[in-house]
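The numbering of the sequence shown is UniProt numbering, which starts it at 1 and goes up by one.
Think of the CB as a built atom: it goes at the ideal place given N, C-alpha and C, for glycine as much as any other residue.
Working notes, beginning with the structure itself.
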Amino acid sequence: MPIKKTIKKEKKAVKKVTEKIIKKDNIVDTKENEKEIEAMFKAGLHFGHRSSKWNPRIKPYLYGISNNVHIFDLNKTYEKLMEALNFLKEQIKEKKTVLFIGTRGPERELVKKLAIDLGMPYVVNKWIGGTFTNFKEVTKRIKGLSELQEKQKKGEFDSYTKKERVQIEKEYEKMLIKWGGIKDLERLPDIIFVVNANHNKLAIKEAKSTGISVVAIIDTNVDPNIVDYPIPANDDAITSIAYILDKVKKVFN
């Protein structure tokens, strides 16, 4: 069978299964919830990974399988999303700090923009081991970055030779990539919000070992028990990520 026809057939099969998720007799009671679940469906939150790559502990949040792809039960996703948002809402009232983490492709810009808009720290490049568990050393690095930024603002880079300036600017750029998103972090954050748990297991592990609460989008290939507030949903589609981050932004506002 031609590739286009195969893809079309798979999409049709998946649609047939997932449409059942948003039928009235299968949704949480109110019209508002029904609209939200329909919006989640349109954003693609229901798509998981291929069934061969799943983590069995995600099973309570699944609706079924279609064409070897796991499908999330959007009722469960909605329930866990609300739990996570309510938790964040309470923490924000207490002026807690949330560190946003998103280290893959297009999600980086979404995460960075959200964090900057909210005045919160962020990590959008590879997680540096020891960021939490060796935070004392990290603060020294951050201080070094702040000093270089101050020198740059004052035009002090111009007093160096061309060769020295090139070396300093290279070092500055490297430090900015590594620590730029957390340069204003004077102590460990209270919470981390992770967009892709599978790609940031080290960050989650460090958070847990230092008493930091973890909220994360959990796809079908991840154990939801590794975080405090799992949001079982598609963590690959940018539409899915954008939908969830928009809900988070509204909680802050």
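- Could you check what DSSP says for Gly64 in three-state terms: helix, strand or coil? strand
- Query: Are there 16 or more other CB atoms within 10 angstroms of the CB of Ile105, so buried, or fewer, so exposed?
  - Reply: For clarity, residue 105 is Gly in the given sequence; the question names Ile instead. It is exposed - the Cβ of Gly105 has fewer than 16 other Cβ atoms within 10 Å.
- Message: Contact criterion: CB-CB distance below 7 Å. Does Asn33 meet it with respect to chain C?
- Response: Among the chains of the structure shown, chain C does not appear; only one protein chain is present.
- Message: Taking the straight line between their C-alpha atoms, what separation do you get for Lys42 and Asn134?
- Response: One alpha carbon belongs to Lys42, the other to Asn134, and they sit about 42 Å apart.
- Item | Pick from Lys170, Ser213, Gln167, Val195 that is closest to Trp127, judged by C-alpha positions | Val195
- Message: What does the alpha-carbon distance come out to for the pair Glu169 and Leu62?
- Response: 50 Å
- Does the count of Cβ pairs from the segment 105 to 119 and the segment 157 to 173 closer than 8 Å reach three? no
- Residue burial classification, Asp219 (beta-carbon count within 10 angstroms, cutoff 16): buried
- Message: Which same chain residues end up closer than 6 Å to Val222 when comparing Cβ atoms and leaving out the 5 residues on each side of it in sequence?
- Response: Asn55, Ala197, Asn198
- Message: Taking the beta carbon of Asp25 as the centre, do at least 16 other beta carbons fall within 10 Å, making it buried, or is it exposed?
- Response: Annotation note: pLDDT 40 at Asp25 (below 50); position unreliable, no value reported.
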